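Numbering of the sequence shown is given in this note's numbering, commencing with residue 1335 and proceeding in unit increments.
Cβ atoms here follow ideal geometry from the backbone N, Cα and C, with glycine treated the same way.
Just so it is clear, the structure is predicted and the values come from calculations on it, not from any experiment.
Below is one structure, written out as structure tokens; the observations come after it.
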Amino acid sequence: MTSSNHSGAHGAVIADTVAEGADDGAIVELRGAGKSYGNIRALHGVSLTVRPGRVTCVLGDNGAGKSTLIKIVSGLHQHTEGEFLVDGLPVRFSTPREALDKGIATVYQDLATVPLMPVWRNFFLGSEMTKGSGPLRRLDIGRMKKTADEELRNMGIVLDDLEQPIGTLSGGQRQCVAIARAVYFGARVLILDEPTAALGVKQSGVVLKYIAAARDRGLGVIFITHNPHHAYMVGDHFSVLRLGTMELTASRDRVSLEELTNHMAGGAELAALKHELSQVRGVDVDLLPEEKDLTAPVAAPGEGKS
Ligand SMILES: Nc1ncnc2c1ncn2[C@@H]1O[C@H](COP(=O)(O)OP(=O)(O)OP(=O)(O)O)[C@@H](O)[C@H]1O
Ligand SMILES: [Mg+2]
């Protein structure tokens, strides 16, 4: 059984691979993991489980440790405490290549694409298809174009022209191409670091749709975001980081969007922010939400009014 199956549509194969190695179906697991940079403790005591066909959301404010967490999983950094397991076995990656060999693919926000190259060429960047052998070996352009087209369509991504430079696509479309690419190259775990952060509402919706498509193909997705609304639209499990530790970890049936929003906003911080803003001319703080607005259950019309 291999995790670098290049045949494309193989959600079922992916699920089989996982069942062999891990007893509870987890592909990736962190147990009390942490990371210190010298004497700065960026992450401490974090536990996280990634399962096939599930979206695990990692939320947190700036500096909370989100990137540090995914850098451990994607092989860029090593954990300095706790355990990191893949398919139930302890691992310690020294390079992103080792993570990729285990089927863990990361789509970074500053996508590693060559803007002036066509979409199909970017799809195969670094893993080009060739034909012939020895001195006659050359790029198999026809097959690459055809495959890229099929794979993008399989994911429901329709682009008019795969010859157009990838730089002419919108940020959201480029994210989608990167997701389709990871799926095609046999990823079992897809890590997305704030894929919707720089996008508008419509494009964010498109990216969320392909996160769901990757999940439906059997991938375990780690979705990093600041945005509880985006997380709640596709997430199965939510972990909120604060100052390097896990403040909340709950499956979808255990946490509401309101609770998630409140954890992210931090009631007390919100009050402090409001106070700061009240000192700024032109900002009407009365229009900003109160802590209780974020926690209180939504009242039915006419209810709770005196
Ligand atoms: N290479 C490094 N050396 C020293 N400290 C670091 C390093 N990388 C991150 N840190 C520190 O670790 C903490 C967590 O940073 P991290 O980048 O993981 O946060 P984040 O949640 O991704 O934030 P953001 O939302 O801003 O991307 C921060 O206090 C940061 O300053
Ligand atoms: Mg970050």
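Ligand 1 heavy atom lying under 8 Å from the CB of residue i
i: residue 1561; result: no
i: residue 1376; result: yes
i: residue 1403; result: yes
i: residue 1397; result: yes
i: residue 1528; result: yes
i: residue 1379; result: no
i: residue 1575; result: yes
i: residue 1442; result: no
i: residue 1301; result: The question about residue 1301 has no answer, for the chain in this structure spans 1335 to 1640.
As assigned by DSSP and simplified to three states, the class of residue i
i: residue 1502; result: helix
i: residue 1450; result: coil
i: residue 1430; result: helix
i: residue 1357; result: Confidence at residue 1357 is low in this model, with a pLDDT of 46, below 50, so its placement is unreliable and no value can be given for it.
i: residue 1620; result: helix
i: residue 1457; result: helix
i: residue 1414; result: coil
i: residue 1476; result: helix
Where residue i falls, given that 16 or more other Cβ within 10 Å makes a residue buried
i: residue 1516; result: buried
i: residue 1470; result: exposed
i: residue 1532; result: exposed
i: residue 1354; result: Note that residue 1354 scores 45 on pLDDT, short of 50, meaning its location in the model is unreliable; the coordinates nonetheless yield the value given after this. Result: exposed.
i: residue 1374; result: exposed
i: residue 1356; result: At residue 1356, the pLDDT of 44 sits below 50, so the modelled position is not reliable and the matter cannot be decided from this model.
i: residue 1550; result: exposed
Heavy atom of ligand 2 within 8 Å of residue i beta-carbon
i: residue 1400; result: yes
i: residue 1558; result: yes
One or two residues paired with residue i in a DSSP bridge
i: residue 1394; result: 1575
i: residue 1439; result: 1524
i: residue 1371; result: 1374
i: residue 1610; result: The partner list for residue 1610 (beta bridge, DSSP) is empty, contrary to what the question assumes.
i: residue 1556; result: 1390 and 1525
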